[in-house]
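In what follows, a single structure is set out as structure tokens and then discussed.
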Amino acid sequence: MYDKVRKREYIWQAGPVWPKHGPLLFPAIGGFYGGTYMAGEKIYKMKAHGFARDMDFTPVYRTDEEIVMELQSSEETYESYPYHFCLQVSHRLEGRKLTVTWKILNAGTNTMYYSIGAHPGFQFAEDTELSDYRLIFDRTLDLNTHRIKGRLITRETYPVDRQIRELPLNPDLLRHDALIFEDGISSMLLECDKADYHLKVSFPGFPAAAVWSMPSAIDKAEYICIEPWYGMNDFVGQGVQDIRKKYLIQSLKAGETKEISYTIEICD
């Protein structure tokens, strides 16, 4: 996502520390307990964040302003996910705003259970560092986070700060992995006065959101991820569970479709 006015690229262009740009998390977010879950009477293995981010999507539609890509269930996906689906992803550019829309179809005859989320990385402006940036939320709130342990999270939440609208960023905030919020946040504005940097991610209706940068390189971080989620990791100590009972799990009846959108906007 390149700003021709400021001649600045906003999307992280991958690198040795984190070789990705903005992976799509489907049909899982985070990790399952032991990397496994139960569907019906069978136990399946699922890697963290699901398989969609590592698969090839097929082009469906393209104009100068929009591209639509599609992933359909296959024998390969059935090995870890026993549902028939069609997942379309649209990226539509309007001025300085990018709208990402997911269209999820249950193409099977049974109820389908899934999680879906975004993981876009935003690279910092030249000659800036993490502590030069802040997050501005859509409202004043008590900010709480789950804590990550391995690929799982604590059921409890812990206070980050009280009655704040702005969160100054620093390495210690993210040293032990992501901040994971369930505070009804609908947007985050990433700002850096030093670089005249203003980028807004809006995700109304999403039940959770995360903020992350690779912990092992946090003191020299060059990017940050703002992640809107429909779903969440398994909890520490809960054991292998039926996917129907997974926290924040989404479902579609046979033949049903759901559309979910979020936006990324370069602001003045």
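Letter 251 of the sequence shown, counting from 1, is numbered 252 in this note's numbering, and no numbers are missing. Beta carbons are placed, not taken as given, at the ideal position from N, Cα and C, and that holds for glycine.
According to DSSP, threonine 37 shares a beta bridge with Lys46. For the pair valine 18 and alanine 218, the Cα-to-Cα distance works out to about 7 Å. Per the C-alpha coordinates, the member of Tyr114, Ile44, Arg9, Ser188 positioned closest to phenylalanine 27 is Tyr114. Going by DSSP, aspartate 143 is part of the beta strand (DSSP E) stretching over 135–150. Burial state of threonine 59 is exposed, judged by a 10 Å Cβ sphere holding fewer than 16 other Cβ atoms. The secondary-structure analysis by DSSP pairs aspartate 162 across a beta bridge with Leu144. Sixteen is the threshold: when 16 or more other Cβ atoms of the shown chains lie within 10 Å of the Cβ of alanine 29, as they do, the residue is buried. Residue environment: asparagine 107 is assigned as buried (16 or more neighbouring CB atoms within 10 Å of its CB, all protein chains considered). Leucine 170 is a Cβ neighbour of tyrosine 134, given a cutoff of 7 Å. Between the stretch 63–70 and the stretch 92–105 there are three or more C-beta pairs closer than 8 Å, enough to call the two in contact. In the displayed model, proline 229 falls within a strand according to three-state DSSP.
Aspartate 178 sits in coil when the DSSP states are folded into three classes, being neither helix nor strand. Shortest Cα-Cα distance from arginine 140 to any of Arg163, Gln251, His147, Phe123 involves Arg163. DSSP assignment within the stretch 214–267 yields the following whole beta strand (DSSP E) runs of 3 residues or more, N-terminal first: 224–231, 251–253, 258–267. When beta bridges are read from the DSSP output, alanine 119 appears opposite Leu25.
Between the alpha carbons of tyrosine 263 and proline 208 lies a gap of roughly 13 Å.
In the three-state scheme derived from DSSP, where H, G and I count as helix and E and B as strand, threonine 78 is classed as helix. Leu249 is the residue among Thr37, Arg54, Asp55, Leu249 whose C-alpha sits nearest the C-alpha of phenylalanine 182. For leucine 131, the closest C-alpha among the options Asp269, Ile244, Met215 is that of Met215. DSSP places lysine 195 in the helix class (H, G or I) of the three-state scheme. Partner residues in the beta bridge of threonine 100, as assigned by DSSP, are Arg93, Thr264.
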